[in-house]
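S.K.: Dumping the structure here so I can ask a few things about it.
There are 2 protein chains.
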Amino acid sequence: MDVVIIGLGLIGGSVGMKLKKSNLGYHIIGIDNNEQHASRALELGLIDEIRSLDAVVSADLVIICTPVDNVLRLLPGILDAIKADGVVMDMGSTKSEICTLIDKHPKRKSFVATHPIAGTENSGPDAAFDSLFDGKTGIICDENKSHKNALLVVNRIYDLLKLNVVKMDSASHDLHIAYVSHLSHISSFVLGQTVLEMEEDEKNIFNLAGSGFASTVRLAKSSPAMWAPIFAQNKEHVSQSLETYIKNLTAFKVMVDAADKDNMFESMTRSNKIRKVLDGIDIQSMNAEPKTKEMINELT
Amino acid sequence: MDVVIIGLGLIGGSVGMKLKKSNLGYHIIGIDNNEQHASRALELGLIDEIRSLDAVVSADLVIICTPVDNVLRLLPGILDAIKADGVVMDMGSTKSEICTLIDKHPKRKSFVATHPIAGTENSGPDAAFDSLFDGKTGIICDENKSHKNALLVVNRIYDLLKLNVVKMDSASHDLHIAYVSHLSHISSFVLGQTVLEMEEDEKNIFNLAGSGFASTVRLAKSSPAMWAPIFAQNKEHVSQSLETYIKNLTAFKVMVDAADKDNMFESMTRSNKIRKVLDGIDIQSMNAEPKTKEMINELT
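As you go down the protein sequences, you meet chains A and B in turn. Going by this note's numbering, the first residue of the first sequence is number 61, and it counts up by one from there. Going by this note's numbering, the first residue of the second sequence is number 61, and it counts up by one from there.
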């Protein structure tokens, strides 16, 4: 089976590595507009060969792993070009604009919109590793818009990657993911910015920062090339989440200014409830055990 | 040597455990106004015996590990009560108000103001572990206000705890720690609050949250009883840091609303510089290697 992976960074590289290691006969063709990334991916054994975009014409499956602005740019042409039983999937962190763009495309049913909730703060082919997706959630959006066979192909890939499938519509995806993922990236990027601005002498940060700061600001190391298009594409929900976050921070600041320990205590006690949710997410290990039905039920 | 530890939570419990395991003849007397915590600390072997506050009278060393409002409440009386060559140290996350309070105390020189930059999001004696402080930074403030012998005693304890000593004045401590520690706790508490408010159905958070969200919101699990007094006591610096953070978030929101990818990209690229600083902080392991002089020099 000929699989074309477009975008050979952390996500695309990790997909390639896993499929190749499966020994199920996948032939992995890699495409990246960054030539160094492409040759590095070949060198690392993440792909079998480097080709240009016209390789999609004969592909059985095309997996788009580029930043989401390039998904928009590439997807219509790829759908035009693929063979009749070819399947296309993307793995981007936004879904609505992508799905809207090709909603009326004659080959819409050949496309499956997906989003694996997996990643690290590192990027590029050297950041790839084969257990990146193990036990993580893989979202498939607007399933009813895709052909049954296309869904079968994508589910097989998700199975191989050990992703646990969750299904939702693309509009809900973009709303919820704004809060649970996009907002935490911005809070971290801006925290990093604020501390760097204040501490011109980085030695102070290094000396005084503990594991708490490191944990909170970890996402500030993430790739701007990946995240700028995500925030732009999901701007309404991201803006709404930021507005609420800023409003809540401002309310907290009022309590700080008044040294109002009682209300700060109450507010933080409410936030403590996040522990119950986090206990289901293994942040220590990149090889988290799959989230079981039982764990999900406990939360309901 | 009789050591009295007041406050038998994560910090006090971990100090007790480490000193007892040293087999250097420390006799550890534990005090906690929470009786359950006290008996649990005894049960866990973190202390040798439980006593009441009058035990400080005969103590060689008193280590105050309570929330910082109780440090203020307890410290003057303890200084009044200790014997002539007794030493008192605290381990709180704020230093100015504590140092100002006892600045004119006749036994000021018996007190050493300290702050180990160590902790987890867990609290209580059950959260204690003996490597909590290994390789972390231990700050000693206003050294010139303490007697040489008192400093010797405290340095020996810090050495045993494997803390790397950094010296600074209490005003600088409170300013810098507001940015590098207190602000990241608020950003995390309020992020948790914002997401919980939005996601009434916690299943959505559980299904959609990845390790990035878990990392950013980890500190929202921290103890409100510990943090409310810290924010109140360091309110000026904390408020200033929050103001800058909110200003920067608001500026980022303007870019999101305008889908201004170029400026978002630039802003995030600047934040990426935090990687260099974080690379010196081991967030994976609680047993981080000591930060070496070389690593610190690299940052200068």
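We put the CB at the ideal spot given by N, CA and C, even for glycine. For clarity, every value in this text was computed on a predicted model and none was experimentally measured.
Taking residue 251 of chain B as the query, report the chain A residues whose CB atoms sit under 8 Å from its CB, ordered along the chain.
M.R.: Under the 8 Å cutoff, chain A gives 243, 244, 247, 305.
S.K.: For the region 193-210 of chain A, which residues have a CB atom closer than 8 Å to at least one CB atom of chain B, in sequence order?
M.R.: Listed by position, the residues of the region 193-210 of chain A near chain B (Cβ gap below 8 Å) are 196, 197, 199.
S.K.: Indicate whether the contact test is met: 3 or more Cβ pairs, each with one atom in the region 62-72 of chain A and one in the region 104-121 of chain A, closer than 8 Å.
M.R.: Yes, the region 62-72 of chain A is in contact with the region 104-121 of chain A.
S.K.: Report the three-state DSSP secondary structure of residue 197 of chain A (helix, strand or coil).
M.R.: Three-state DSSP puts residue 197 of chain A in a strand.
S.K.: Using the beta-carbon count (16 or more within 10 Å), is residue 253 of chain A buried or exposed?
M.R.: Buried, because 16 or more other Cβ atoms sit within 10 Å of the Cβ of residue 253 of chain A.
S.K.: Anything in the region 305-326 of chain B with a Cβ closer than 7 Å to a Cβ of chain A? List those residues in chain order, please.
M.R.: Answer in chain order: 305, 306, 308, 309, 310, 312, 313, 316, 317, 319, 321, 324, 325.
S.K.: What's the C-alpha gap between residue 176 of chain B and residue 248 of chain A?
M.R.: Looking at the two C-alpha atoms, the distance is approximately 24 Å.
S.K.: Per DSSP, what kind of secondary structure is residue 158 of chain A in: helix, strand or coil?
M.R.: Here residue 158 of chain A sits in helix by DSSP.
S.K.: Can you find a CB in chain A that lies within less than 8 Å of the CB of residue 331 of chain B?
M.R.: Chain A contact via Cβ: present.
S.K.: When you compare the region 144-157 of chain B with the region 230-241 of chain A, are there three or more beta-carbon pairs, one atom per stretch, that lie closer than 8 Å?
M.R.: Output reads no: the region 230-241 of chain A does not touch the region 144-157 of chain B.
S.K.: Please name the residue in B:311, B:181, B:155 whose C-alpha comes closest to that of residue 201 of chain B.
M.R.: Ranking B:311, B:181, B:155 by Cα distance to residue 201 of chain B puts B:155 first.
S.K.: Identify, in the order they occur along the chain, each residue of the same chain with its Cβ nearer than 7 Å to the Cβ of residue 98 of chain A, setting aside the five sequence neighbours on each side.
M.R.: Contacts found: 68, 90, 92, 110.
S.K.: Determine the DSSP secondary structure at residue 174 of chain A, reduced to helix, strand or coil.
M.R.: The answer is strand: DSSP assigns residue 174 of chain A an E or B state.
S.K.: Determine the direct distance from the alpha carbon of residue 303 of chain A to that of residue 261 of chain A, and round the result to whole angstroms.
M.R.: Cα-Cα distance, rounded: 31 Å.
S.K.: Using a Cβ distance threshold of 8 Å, determine whether the region 264-274 of chain B contacts the region 224-235 of chain B, with at least three qualifying pairs required.
M.R.: At 8 Å Cβ cutoff, the stretches do not touch.
S.K.: Compute the Euclidean distance between the alpha carbons of residue 75 of chain B and residue 290 of chain A, then round it to the nearest angstrom.
M.R.: If you take the alpha carbons of residue 75 of chain B and residue 290 of chain A, they lie about 46 Å apart.
S.K.: Go ahead and pull the three-state DSSP assignment for residue 181 of chain B.
M.R.: In this structure, residue 181 of chain B counts as coil in the three-state DSSP scheme.
S.K.: Once the 5 residues before and after residue 136 of chain B are set aside, which same chain residues still bring their CB inside 8 Å of it?
M.R.: Around residue 136 of chain B: 161, 162, 165.
S.K.: Run down chain A in chain order and give the residues with a C-beta less than 9 Å from the C-beta of residue 189 of chain B.
M.R.: Simply none; closest approach about 13 Å.
S.K.: Say whether chain B places a C-beta atom closer than 8 Å to the C-beta of residue 280 of chain A.
M.R.: Yes, its Cβ sits closer than 8 Å to a Cβ of chain B.
S.K.: Let me check understanding here. Comparing Cα to Cα, which of A:210, A:207, A:145, A:192 lies closest to residue 221 of chain A?
M.R.: Selected option, being the one with the closest Cα: A:192.
S.K.: Give a yes or no on whether the C-beta atoms belonging to residue 142 of chain B and residue 169 of chain B are separated by under 8 Å.
M.R.: Not closer than 8 Å, so no.
S.K.: Which term fits residue 95 of chain B, buried or exposed, when burial requires 16 or more other beta carbons within 10 angstroms of its beta carbon?
M.R.: Burial call: exposed.
S.K.: Against residue 179 of chain B, what residues of chain A qualify as contacts under a CB-to-CB distance less than 7 Å, listed in chain order?
M.R.: In chain order: 270, 272.
S.K.: Where residue 101 of chain B and residue 78 of chain B are concerned, what is the direct C-alpha to C-alpha distance, given to the nearest angstrom?
M.R.: Rounded to the nearest angstrom, the two C-alpha atoms are 13 Å apart.
S.K.: By alpha-carbon positions, which one of A:84, A:309, A:270 ends up nearest to residue 364 of chain B?
M.R.: No statement about residue 364 of chain B is possible, as the shown extent of chain B runs from 61 to 360 and does not include it.
S.K.: How far does the alpha helix (DSSP H) with residue 209 of chain A in it extend, from its first residue to its last?
M.R.: From DSSP, the alpha helix (DSSP H) with residue 209 of chain A extends over 208-220.
S.K.: For residue 149 of chain A, return the contacting residues in chain B, with the cut-off set at a CB-CB distance below 8 Å.
M.R.: Within chain B, no residue comes near residue 149 of chain A; the closest Cβ sits about 19 Å away, beyond 8 Å.
S.K.: Considering Cα atoms alone, identify which of B:227, B:189, B:311, B:80 is closest to residue 206 of chain B.
M.R.: The candidate whose alpha carbon is nearest that of residue 206 of chain B is B:227.
S.K.: When DSSP labels each residue in this structure, what does residue 342 of chain A get in the three-state scheme?
M.R.: The predicted model places residue 342 of chain A with a pLDDT of 47, which falls under 50 and marks its position as unreliable; any figure quoted below should be read in that light. Here residue 342 of chain A sits in coil by DSSP.
S.K.: What residues are listed by DSSP as bridge partners for residue 90 of chain A?
M.R.: For residue 90 of chain A, which the question treats as bridged, DSSP gives the partners A:65, A:110.
S.K.: Throw me the rounded Cβ distance for the residue 278 of chain A and residue 327 of chain B pair, which I believe falls under 8 Å.
M.R.: Their Cβ separation, rounded to whole angstroms, is 18 Å, which puts residue 278 of chain A and residue 327 of chain B out of contact at 8 Å.
S.K.: Using a C-beta cutoff of 8 Å, does residue 267 of chain A count as contacting chain B?
M.R.: Yes - at least one Cβ of chain B is within 8 Å of the one on residue 267 of chain A.
S.K.: Which runs of the alpha helix (DSSP H) fall wholly inside the region 309-339 of chain B and span at least 4 residues, in chain order?
M.R.: Entirely contained in the region 309-339 of chain B, the alpha helix (DSSP H) runs reaching 4 residues are, in chain order, 321-331, 334-338.
S.K.: So, under 8 Å CB-CB, residue 284 of chain B and residue 310 of chain A are touching, yes? Tell me the CB distance rounded to an integer number of Å.
M.R.: Not really, about 19 Å apart at Cβ, beyond 8 Å.
S.K.: Taking the alpha-carbon positions, what's the residue 288 of chain A to residue 72 of chain A distance?
M.R.: Approximately 19 Å between the Cα atoms of the pair.
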